[in-house]
Amino acid sequence: MTTSPSAGHDTRQSRLRYIATAAIFVVSLLVGEMPVDAQAKQKATPPASEATSAAEPGAAAPPVQAPSDAAKAAQKPEDGAKPADPATTAAAPKEPPTWSAAEIADAKAHCAVVLQRIHAVALPHEPIKEGACGTPAPIELISIGQNPQVALSPPAIVTCDLAESLVNWFEGDVQPLARKHLKSEIITIQTMSSYSCRNAYGRKKTKLSEHGLANALDIGGFVTASTKTADVLKDWGKPQRQILAEAAAEQRAAEEAAAKAAGTAIAANPAQAALPSALPSTAGAAVTSLARSTIIDGVSEAEIVATPTLGTSDPVVANKLGGPLVKLNKGAPAQKTSQVGGRSTSNPKPEVKAFLREAHTAACRIFGTTLGPEANDDHRNHFHIDMAQRKFTKICD
């Protein structure tokens with residue numbers, strides 16, 4: 001069968017139309033999806049102008065990358081690994097010790113009660129805590145008494161209990177003694193030391209001083225309304241140990257002079273050399289001891305020894321608080337001039353001397369400890385009074 005040319009042409013045209021229709025359909029599909037893809041790309045990529053303005057202040061930071069699984073595994077401690085030893089790490093600074101709120105409140109309440117029953121001018125002081133030292137409610141004591149008001153110069157940091165005992169001592173003893181001997185009343189207490197975080201002087205073993213508890217006061221002297229002064233160093237007179245040391249030195253000098261004279265006489269008359277000595281030499285003999293109270297608890301006597309140092313003619317005096325022996329030159333006062341800052345008056349006025357000694361004796365009835373020039377050279381220039389609690393008896397020296 002033979003196909004006509006017109007029929008074949010029609011078939012080709014039909015195929016072309018079919019292909020064109022299919023192509024149009026595909027293009028229409030592609031054109032319909034383009035807006036969605038363009039919007040997504042526009043949101044993901046900022047315009048060039050915005051990227052430029054954001055980069056102007058400085059270089060853009062690189063994107064943060066999440067740690068890889070290997071890095072995470074490296075950061076985790078291995079199974080069975082021990083935590084770091086705290087001792088090897090840097091220790092955090094410790095806070096200084098403090099009093100508890102309850103301790104401070106109780107101490108302040110007690111202090112308020114004490115101050116209400118005495119004549120005293122005092123300022124509250126912040127709690128003190130320095131290791132074993134301090135007190136929860138100290139005061140700065142400005143003055144005590146009334147008519148006259150007695151100033152503390154300088155003011156002292158003490159406890160309220162010490163302030164009360166000081167008032168009782170003054171009103172009951174010191175002022176009557178001042179009127180009796182000095183014909184005037186005391187208006188100033190010359191203080192030397194109050195609160196001080198330290199150990200006691202002259203102790204063989206370390207022991208906290210009552211000064212470290214604001215429970216002690218050192219007094220160097222007194223001033224009356226008539227401007228008369230009673231200075232412990234200048235007006236106490238020679239301590240007993242100084243008198244004994246000077247007596248021993250004089251005895252030693254006399255024996256040496258006698259021995260020298262005897263040697264000269266023997267040299268002049270050799271016949272006397274064969275004769276026995278009439279009296280044995282007493283060089284180096286100890287001076288008779290005196291019974292006195294001391295700072296050592298439970299001991300009522302202490303021997304004062306005045307013997308010459310080996311190879312010398314200078315006597316030495318035992319320190320009754322356990323300190324080193326004090327060497328004395330002939331006729332020199334037994335004192336540490338570097339500490340007391342001067343020499344005592346050899347002949348103080350009798351009335352001033354009597355006032356100081358009787359005031360010291362009265363203090364022994366009130367305070368737990370009363371030390372003065374008779375105790376040792378550390379207290380040669382002042383009275384030490386404190387409120388220490390004693391098991392057996394008060395210390396008075």
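Here the sequence shown is numbered in UniProt numbering, starting from 1 and rising by one per residue.
We put the CB at the ideal spot given by N, CA and C, even for glycine.
For this session: Could you tell me how far apart the beta carbons of I144 and A120 are, in whole angstroms, since I believe they sit closer than 8 Å?
Result: In the sequence shown, counting from the first residue as 1, residue 144 sits at position 144. In the sequence shown, counting from the first residue as 1, residue 120 sits at position 120. Your pair I144 and A120 checks out as a contact, with CB atoms roughly 5 Å apart and the cut at 8 Å.
For this session: May I have the straight-line CA-CA distance separating D378 from L371, to the nearest angstrom?
Result: If you number the sequence shown from 1, residue 378 lands on position 378. If you number the sequence shown from 1, residue 371 lands on position 371. A straight line joining the alpha-carbon of D378 with that of L371 spans about 10 Å.
Problem set entry | Distance between A257 and E210 (C-alpha atoms, nearest Å) | By one-based count along the sequence shown, residue 210 stands at place 210. By one-based count along the sequence shown, residue 257 stands at place 257. Approximately 49 Å, taken between the alpha carbons.
Problem set entry | Same chain, Cβ closer than 8 Å to I187, neighbours up to 5 away in sequence not counted | Locating residue 187 in the sequence shown gives position 187, where the first residue counts as 1. Within the same chain, I187 has close Cβ partners P148, Q149, V150, A151, V223, T224 and A225.
For this session: Please look up how many angstroms separate the CB atoms of V114 and E164, rounded, as I've assumed it's under 8 Å.
Result: Here residue 114 corresponds to residue number 114 of the sequence shown, with the count starting at 1. Here residue 164 corresponds to residue number 164 of the sequence shown, with the count starting at 1. So it is a contact: roughly 5 Å between Cβ atoms.
Exercise. Is it true that the CB of E103 sits closer than 7 Å to the CB of H125?
Worked result: Position 125 of the sequence shown, counted from the first residue, corresponds to residue 125. Position 103 of the sequence shown, counted from the first residue, corresponds to residue 103. No, the pair does not count as a contact, with Cβ atoms beyond the cut-off.
Exercise. Can you tell me whether DSSP reads A137 as helix, strand or coil?
Worked result: As a position in the sequence shown, residue 137 is number 137, starting the count at 1. It is coil, neither helix nor strand.
Exercise. Between the region 188–198 and the region 214–222, do three or more beta carbon pairs fall short of 8 Å?
Worked result: Yes, the region 188–198 touches the region 214–222.
Exercise. Mind checking S194: buried by the 16 CB within 10 Å criterion, or exposed?
Worked result: Position 194 of the sequence shown, counted from the first residue, corresponds to residue 194. Under this definition S194 is a buried residue.
Exercise. Which residue spans inside the UniProt domain "Extensin-like C-terminal" (110–248) form an unbroken alpha helix (DSSP H) run of at least 4?
Worked result: For the alpha helix (DSSP H) assignment, the uninterrupted runs of no fewer than 4 residues enclosed by the UniProt domain "Extensin-like C-terminal" (110–248) are, from N- to C-terminal side, 160–169 and 232–235.
For this session: Determine the direct distance from the alpha carbon of A248 to that of G134, and round the result to whole angstroms.
Result: Position 134 of the sequence shown holds residue 134. Position 248 of the sequence shown holds residue 248. In this structure, the CA atom of G134 is about 45 Å from the CA atom of A248.
Problem set entry | Exposed unless 16 or more other CB atoms sit within 10 angstroms - verdict on K183 | Counted from its first residue, the sequence shown places residue 183 at position 183. Counting Cβ neighbours within 10 Å, K183 comes out exposed, since fewer than 16 surround it.
Exercise. For H384, which residues from the same chain have a beta carbon less than 6 Å from its beta carbon, with the 5 sequence-adjacent residues on both sides left out?
Worked result: Reading the sequence shown from its first residue, position 384 is the one you call residue 384. Closer than 6 Å at the Cβ level, and outside the excluded window around H384, lie D218 and L371.
Exercise. Can you tell me the Cα-Cα spacing of K349 and L244, whole angstroms?
Worked result: As a position in the sequence shown, residue 349 is number 349, starting the count at 1. As a position in the sequence shown, residue 244 is number 244, starting the count at 1. So the alpha carbons of these two residues sit roughly 22 Å apart.
For this session: In angstroms with no decimal places, state the Cα-to-Cα distance between T393 and K228.
Result: The count along the sequence shown starts at 1 and reaches residue 393 at position 393. The count along the sequence shown starts at 1 and reaches residue 228 at position 228. If I take the Cα positions, the gap works out to 35 Å.
Exercise. Just curious, the beta strand (DSSP E) that T369 is in, first and last residue?
Worked result: For this step, residue 369 is matched to residue 369 along the sequence shown. It spans T369 to L371 - the beta strand (DSSP E) in which T369 sits, taken as one unbroken run.
For this session: Compare the beta carbon distance of N381 and V232 with 7 Å and say whether it is the shorter of the two.
Result: Position 381 of the sequence shown, counted from the first residue, corresponds to residue 381. Position 232 of the sequence shown, counted from the first residue, corresponds to residue 232. V232 sits close to N381, with the two beta carbons spaced by under 7 Å.
Exercise. Taking C-alpha atoms, which residue in P127, K129 and C160 lies nearest to I142?
Worked result: Looking up residue 142 in the sequence shown gives position 142. The option with the nearest alpha carbon to I142 is C160.
Exercise. Does DSSP classify H360 as helix, strand or coil?
Worked result: Within the sequence shown, numbered from 1, the residue matching residue 360 stands at position 360. Residue state, collapsed to three classes: helix.
Exercise. Whose C-beta lies closer than 7 Å to the C-beta of P373 among residues of the same chain, with five residues either side of it excluded?
Worked result: If you number the sequence shown from 1, residue 373 lands on position 373. Once the five neighbours on either side are set aside, the close Cβ partners of P373 are V232, W236, P239, H379 and R380.
Problem set entry | Alpha-carbon to alpha-carbon, A23 and R17 | Position 17 of the sequence shown, counting from 1, holds the residue named residue 17. Position 23 of the sequence shown, counting from 1, holds the residue named residue 23. Taking the Cα positions, R17 is about 10 Å away from A23.
For this session: Kindly list the residues whose CB is nearer than 7 Å to the CB of Q13, restricted to its own chain and excluding five residues on each side of it in sequence; keep chain order.
Result: To locate residue 13, count along the sequence shown from 1; it is residue 13. Result list for Q13: empty, nothing under 7 Å.
Exercise. Whose C-beta lies closer than 8 Å to the C-beta of R179 among residues of the same chain, with five residues either side of it excluded?
Worked result: Counting from one through the sequence shown, the residue named residue 179 turns up at place 179. The beta carbon of R179 is closer than 8 Å to those of E185 in its chain, skipping five residues each way along the sequence.
Problem set entry | Proximity of H181 and A359 at Cβ, strictly below 7 Å | Counting from one through the sequence shown, the residue named residue 181 turns up at place 181. Counting from one through the sequence shown, the residue named residue 359 turns up at place 359. No, these two residues do not count as a Cβ contact at 7 Å.
For this session: Give the DSSP-derived three-state secondary structure of F392 in the structure shown.
Result: Position 392 of the sequence shown, counted from the start, is the residue given in the question as residue 392. Three-state DSSP puts F392 in coil, outside helix and strand.
Exercise. If we call anything under 7 Å between Cβ atoms a contact, is L356 one with A230?
Worked result: Here residue 356 corresponds to residue number 356 of the sequence shown, with the count starting at 1. Here residue 230 corresponds to residue number 230 of the sequence shown, with the count starting at 1. Cβ distance < 7 Å, so L356 and A230 count as in contact.
For this session: Give every residue of the same chain whose Cβ lies closer than 8 Å to the Cβ of P97, excluding the five residues on either side of it in the sequence, and list them in chain order.
Result: In the sequence shown, counting from the first residue as 1, residue 97 sits at position 97. So the qualifying residues of the chain are K129 and G131.
Exercise. Rounded C-beta distance between P136 and A107? I'm assuming under 8 Å.
Worked result: Here residue 136 is taken as the residue at index 136 of the sequence shown, counted from 1. Here residue 107 is taken as the residue at index 107 of the sequence shown, counted from 1. Sure, about 4 Å apart at Cβ, within 8 Å.
For this session: For P214, collect the residues of the same chain with a Cβ closer than 8 Å to its Cβ; drop the 5 residues on either side in sequence, then sort them by chain order.
Result: For this step, residue 214 is matched to residue 214 along the sequence shown. In the sequence under discussion, the amino acid at residue 214 is Ala, which differs from the Pro named in the question. If we look at A214 and ignore the five residues flanking it on each side, its Cβ neighbours are I128, G134, T135, P138, I157, V158, T159, L162, S194 and Y195.
For this session: Determine the extent of the beta strand (DSSP E) in which H384 is found, giving its start and end residues.
Result: Reading the sequence shown from its first residue, position 384 is the one you call residue 384. Under the DSSP assignment, H384 falls in the beta strand (DSSP E) whose first and last residues are F383 to D386.
Problem set entry | Neighbourhood of C111 by C-beta, 7 Å cutoff - its chain only, sequence neighbours within 5 removed | Here the question's residue 111 lines up with position 111 in the sequence shown. Taken in chain order, the residues that qualify are A137, I139 and C160.
Exercise. Does the Cβ of T282 have 16 or more other Cβ atoms within 10 Å, making it buried, or fewer, making it exposed?
Worked result: Mapped onto the sequence shown, residue 282 falls at position 282. Confidence at T282 is low in this model, with a pLDDT of 44, below 50, so its placement is unreliable and no value can be given for it.
For this session: Count the other CB atoms, across all protein chains shown, that sit within 10 Å of the CB of L177; report buried if there are 16 or more and exposed otherwise.
Result: The count along the sequence shown starts at 1 and reaches residue 177 at position 177. By the 10 Å Cβ count, L177 comes out buried.
Exercise. Quick one: Cα of A122 to Cα of P155, how far?
Worked result: Start at 1 with the first residue of the sequence shown, and residue 122 comes out as number 122. Start at 1 with the first residue of the sequence shown, and residue 155 comes out as number 155. The alpha-carbon of A122 is positioned some 9 Å away from that of P155.
Exercise. What does a CB cutoff of less than 8 Å around S153 pick up in its chain, not counting 5 residues either side in sequence?
Worked result: Your numbering for residue 153 matches position 153 in the sequence shown. Cβ neighbours of S153 beyond the five flanking positions: T188, I189, Q190 and T191.
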